[in-house]
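The block underneath contains the structure these notes are about, expressed in structure tokens.
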Amino acid sequence: MAEQYVAAVDQGTNSTRCILFDRRGRLVSVAQREHHQLFPRPGWVEHDAGEIWNNVTRVVPGAIKQIGASPAQIVAIGIANQRETSLLWDRLTGRPIGHAVTWQDTRTDRLVTELAGTEGPDRFAELCGLPLTTYFSAPRIKWMLDHTPGLRQRAERGEILFGTMESWLIWNFTGGAKGGLHATDVTNASRTMLMNIETLEWDDRLLEAFDVPRAILPEIRPSSGVFATATEVLPGVRIGAALGDQQAALFGQTCFSAGEAKCTYGTGSFLLLHTGQEIVRSKHGMLTTVAYQIGDHPASYALEGSMAVTGSLVQWFRDGLGMIHTAAEIETLARTVEDNGGAYIVPAFSGLFAPHWRSEARGVIAGLTGYITKGHLARAVLEATGFQTLEVVDAMNADSGIALTALKVDGGMTANNLLMQFLADLLDVRVVRPMVTETVSLGAAYAAGLAVGYWPDLEGLRSNWHRAGQWMPHMDPARRKTEYANWQAAVQRTFNWIRPEDQEL
Amino acid sequence: MPGTVQSIERAAAVLRLLAAAPDGLGVADLGNALGLAKTTVHGILRTLHQVGFVEQDHSGAHYHLSDAFGRLGESYLDPNELRSRAINWADSLASRSGEVVRVGRLVEGKVVVVHHVFRPDDSDQDLDVGTTLPPHATALGKAVLAYDASGASRPHKLEAFTTRTITDPARLAEELAAVRARGWASEFEEHTVELASIAAPIRGLGGLVVGAVGLAGRVERICDSRLRHRADLVTMVRATAEAIARDLREDA
Numbered sequence: 001m002a003e004q005y006v007a008a009v010d011q012g013t014n015s016t017r018c019i020l021f022d023r024r025g026r027l028v029s030v031a032q033r034e035h036h037q038l039f040p041r042p043g044w045v046e047h048d049a050g051e052i053w054n055n056v057t058r059v060v061p062g063a064i065k066q067i068g069a070s071p072a073q074i075v076a077i078g079i080a081n082q083r084e085t086s087l088l089w090d091r092l093t094g095r096p097i098g099h100a101v102t103w104q105d106t107r108t109d110r111l112v113t114e115l116a117g118t119e120g121p122d123r124f125a126e127l128c129g130l131p132l133t134t135y136f137s138a139p140r141i142k143w144m145l146d147h148t149p150g151l152r153q154r155a156e157r158g159e160i161l162f163g164t165m166e167s168w169l170i171w172n173f174t175g176g177a178k179g180g181l182h183a184t185d186v187t188n189a190s191r192t193m194l195m196n197i198e199t200l201e202w203d204d205r206l207l208e209a210f211d212v213p214r215a216i217l218p219e220i221r222p223s224s225g226v227f228a229t230a231t232e233v234l235p236g237v238r239i240g241a242a243l244g245d246q247q248a249a250l251f252g253q254t255c256f257s258a259g260e261a262k263c264t265y266g267t268g269s270f271l272l273l274h275t276g277q278e279i280v281r282s283k284h285g286m287l288t289t290v291a292y293q294i295g296d297h298p299a300s301y302a303l304e305g306s307m308a309v310t311g312s313l314v315q316w317f318r319d320g321l322g323m324i325h326t327a328a329e330i331e332t333l334a335r336t337v338e339d340n341g342g343a344y345i346v347p348a349f350s351g352l353f354a355p356h357w358r359s360e361a362r363g364v365i366a367g368l369t370g371y372i373t374k375g376h377l378a379r380a381v382l383e384a385t386g387f388q389t390l391e392v393v394d395a396m397n398a399d400s401g402i403a404l405t406a407l408k409v410d411g412g413m414t415a416n417n418l419l420m421q422f423l424a425d426l427l428d429v430r431v432v433r434p435m436v437t438e439t440v441s442l443g444a445a446y447a448a449g450l451a452v453g454y455w456p457d458l459e460g461l462r463s464n465w466h467r468a469g470q471w472m473p474h475m476d477p478a479r480r481k482t483e484y485a486n487w488q489a490a491v492q493r494t495f496n497w498i499r500p501e502d503q504e505l
Numbered sequence: 001m002p003g004t005v006q007s008i009e010r011a012a013a014v015l016r017l018l019a020a021a022p023d024g025l026g027v028a029d030l031g032n033a034l035g036l037a038k039t040t041v042h043g044i045l046r047t048l049h050q051v052g053f054v055e056q057d058h059s060g061a062h063y064h065l066s067d068a069f070g071r072l073g074e075s076y077l078d079p080n081e082l083r084s085r086a087i088n089w090a091d092s093l094a095s096r097s098g099e100v101v102r103v104g105r106l107v108e109g110k111v112v113v114v115h116h117v118f119r120p121d122d123s124d125q126d127l128d129v130g131t132t133l134p135p136h137a138t139a140l141g142k143a144v145l146a147y148d149a150s151g152a153s154r155p156h157k158l159e160a161f162t163t164r165t166i167t168d169p170a171r172l173a174e175e176l177a178a179v180r181a182r183g184w185a186s187e188f189e190e191h192t193v194e195l196a197s198i199a200a201p202i203r204g205l206g207g208l209v210v211g212a213v214g215l216a217g218r219v220e221r222i223c224d225s226r227l228r229h230r231a232d233l234v235t236m237v238r239a240t241a242e243a244i245a246r247d248l249r250e251d252a
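Protein chains in written order, with UniProt numbering: chain G, 1 to 505; chain Y, 1 to 252.
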């Protein structure tokens, strides 16, 4: 019998990829297509959902063709997706209503401040686990419904569907306007601010607060479990899983027990700590989120610390400043100097994420002197990711009461040895890279394979995990302390940059 | 006798014009100056851009010579770029073979380890990225040495690590010729007793060897009962080198 594979579709912020995995969790082929980032106004970031679906229809056959396999060898599709990016589409025609508004988009700044009112940004945290910020879907849905004439009425009549990207993909995989399934999973739903974090259902109090008609919302399903059988792209293949990308990475790193944590270093970076079936409420700016739900088992939860700008700071250094030709060259440039020379870059490009949650903050380069060369700036760019991680780890240790002993890392930036060593030095823990750095896709594949019986259980998946690299800490504690203090001083200087009267509706 | 290659003549003319224009030139400027169609000029510029000889300004409208053109003798591929392109494929090789995987490149007569993937048995291992290996005594080294045309980076004195290390330059030359003939390199207890290794060159644009990828492990796992390097491992190593090379050529 021909070898069988699971196809993971990772619908990310910059690109859509399809990766095939074999039974031992090994990557066998990859196909990828980037999509356009649309910036219609300052602070607005959109995607063309039609373009994204079109990319899916190309990368999936592409990955299969690459190894000369046939579609019949695919046992399941697992979807991982950029989270919180929100789309409305027409139920009858299947056409998107405008562009998808991404998680980086800050157009709801003012709306969020209004919604917070006198009760503050945490007014819904008890219900949904999240603070009010521009990153989550609900304010964005309200904005879209309020800013397109007649749309709210159509939404109330049931003519409009809402979804994050996994819903858009599932709907299109299952026929779109011709009977497509309108569904989401608990992890993606947990990022909307509309789902009750305890009941795992849409909560009327939240729907009312955000003015979102129930008729537009998808059905909430477990993350791992057969959603439906595809009729498009891979007809006859079951869609076995959908998870938000960071939850997928946690799953791919096989963090199945309370206390296990991973950090994924990409455009933004996300540290998730598994808290078991317990809902931990953070006092230090971490988010409470659903980690995953397997079939009819109880859901597992996680604490999450998100850093908005990490890999994208390297991209800015490359494209915005033209200091390097490729992202990887930053390490070469950074190694031309011994240290940061006293310079610190705080990349609060669209505010600061965890643990600060300051949407009015904007970035600074602090400690500039005539001594600073582009080599020092390259170091400061990489170190910014290290310092942001330390802030999140500190906060998480305080919330969970358990000190992190090792950090499992993944994502594109783990190819950067200088950064990985800096992380180990700064956090003073082992930093461990798994054999498969594509953990987002791997997690989607694992969850889908589990749903169709390709893998028997979580223990089977755990035995696939192997260490590919490890960095040990050896920074002088005094230096660590000074560096962190300098960084914190630089962070202070980003606060209160955008004043409320500067914002447009 | 074969004729000359017209596209190279044209590319040379483009390079001369760009070298003489400090502010850079557009496609139309070059087309007019050379009497060539815009599509032809565009194709030449794209290729020159891909090989790193010309750069585009921010608007994308003007081209100028890149700094790299003045430093042709240096490696055109950044070592960290090589690692980031190789990482997925190297991981895959380690998990399939169950052995340690390294990516290396030749720098001043030594093989510098650019990337290192642990043997996937979760035992204690230390990352050795940035350390050097003797090129004549490792498969990784032979795989790059075999394609080093300069000779300048060839080791002058062949140090012996075991009784099997090749220390005779003539024998090394034969060994390297054999590597070129079959397209992969091997080593058997030449660096460390009881260890063996297999490696294959990674070819970038134009066939230029930019480094090598290989695996190393205990003799009984790397070789068959007749002490020959296992064919299945050789196939895996070569496929990995080709996959990395394809990645480098496609996205250059």
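Here a beta-carbon is modelled for each residue, glycine too, at the ideal position from N, C-alpha and C.
For residue 283 of chain G, the closest C-alpha among the options G:231, G:240, G:357 is that of G:357. Closest option to residue 146 of chain G, judged by alpha-carbon separation, among G:158, G:164, G:166, G:111: G:111. Contact with chain Y is found for residue 436 of chain G, since one of that chain's Cβ atoms lies less than 8 Å from the residue's Cβ. For residue 103 of chain Y, the enclosing beta strand (DSSP E) begins and ends at 100 to 107. The contact set of residue 467 of chain G on chain Y, defined by CB atoms closer than 7 Å, consists of 118, 122 in chain order. Here residue 132 of chain Y carries a strand assignment [DSSP, helix/strand/coil]. Scanning its chain for C-beta atoms nearer than 6 Å, with the 5 sequence neighbours on each side dropped, one finds around residue 128 of chain Y the residues 113, 116, in chain order. By a beta-carbon distance limit of 8 Å, residue 132 of chain Y contacts residue 110 of chain Y. Their separation comes to about 4 Å. Residue 280 of chain G and residue 288 of chain G do touch by the CB rule: their CB atoms are close to 6 Å apart, below 8 Å.
Contacts with chain G (Cβ-Cβ distance below 8 Å) from the UniProt domain "HTH iclR-type" (5 to 67) of chain Y involve 58, listed in chain order.
Per DSSP, residue 164 of chain G lies in no alpha helix (DSSP H) and is assigned neither H nor E. Under DSSP, residue 96 of chain G forms a beta bridge with G:89.
Judged by DSSP secondary structure, residue 33 of chain G falls outside any alpha helix (DSSP H) and instead within the beta strand (DSSP E) spanning 27 to 34. Taken in chain order, the complete alpha helix (DSSP H) segments of 4 residues or longer contained in the segment 346 to 408 of chain G are 374 to 400. Using beta-carbon distances, residue 97 of chain Y does not count as an interface residue toward chain G, since no partner is under 8 Å. Rounded to whole angstroms, the separation of the alpha carbons of residue 147 of chain Y and residue 67 of chain Y is 25 Å. Residue-level contact by beta carbon holds for residue 417 of chain G and chain Y, with a gap shorter than 8 Å. Every alpha helix (DSSP H) of 4 residues or more that sits fully in the segment 108 to 170 of chain G is shown, in chain order, as 109 to 116, 125 to 128, 137 to 147, 151 to 156. Per DSSP, residue 454 of chain G lies in no beta strand (DSSP E) and is assigned neither H nor E. Within chain Y, the residues 78, 79, 80, 81, 82, 83, 84, 85 have their CB atoms less than 9 Å from the CB of residue 328 of chain G, given in chain order.
Under the Cβ criterion of 8 Å, residue 129 of chain Y is counted among the residues facing chain G.
Interface criterion met: the Cβ of residue 331 of chain G is under 8 Å from a Cβ in chain Y.
The residue among G:36, G:338, G:57, G:54 with its C-alpha nearest the C-alpha of residue 47 of chain G is G:36. Residue burial is scored here from C-beta neighbours: residue 417 of chain G has at least 16 other C-beta atoms within 10 angstroms and is therefore classed as buried. For residue 91 of chain Y, the chain G residues whose C-beta falls within less than 8 Å of its own C-beta are 27, 435, 436, 437, 468, listed in chain order. Around residue 94 of chain Y, the beta-carbon contacts reaching into chain G at under 7 Å are 435, 468.
In the three-state reduction of the DSSP assignment, residue 38 of chain Y falls in the helix class, which pools H, G and I. Contact check between the segment 177 to 186 of chain Y and the segment 74 to 91 of chain Y: fewer than three CB pairs, one atom from each, fall below 8 Å, which does not count as touching.
Identification of residues in the segment 448 to 466 of chain G having a C-beta nearer than 8 Å to some C-beta of chain Y yields 466, given in sequence order.
Shown in chain order are the members of the segment 470 to 493 of chain G whose Cβ falls below 9 Å from a Cβ of chain Y: 470, 471, 472. Contact between the segment 370 to 384 of chain G and the segment 228 to 244 of chain G is absent: fewer than 3 CB-CB pairs across the two stretches fall below 8 Å. At least 8 Å separates the beta-carbon of residue 102 of chain Y from that of residue 82 of chain Y. Considering only G:29, G:77, G:42, G:66, the residue with the shortest C-alpha distance to residue 451 of chain G is G:77.
Residue 167 of chain G has its alpha-carbon roughly 11 Å from the corresponding atom of residue 80 of chain G. Cβ-Cβ distances below 6 Å link residue 42 of chain Y to 27 in the same chain, with the five nearest sequence neighbours on each side left out; the list follows chain order.
With 16 or more other Cβ atoms inside 10 Å of its own Cβ, residue 225 of chain G counts as buried.
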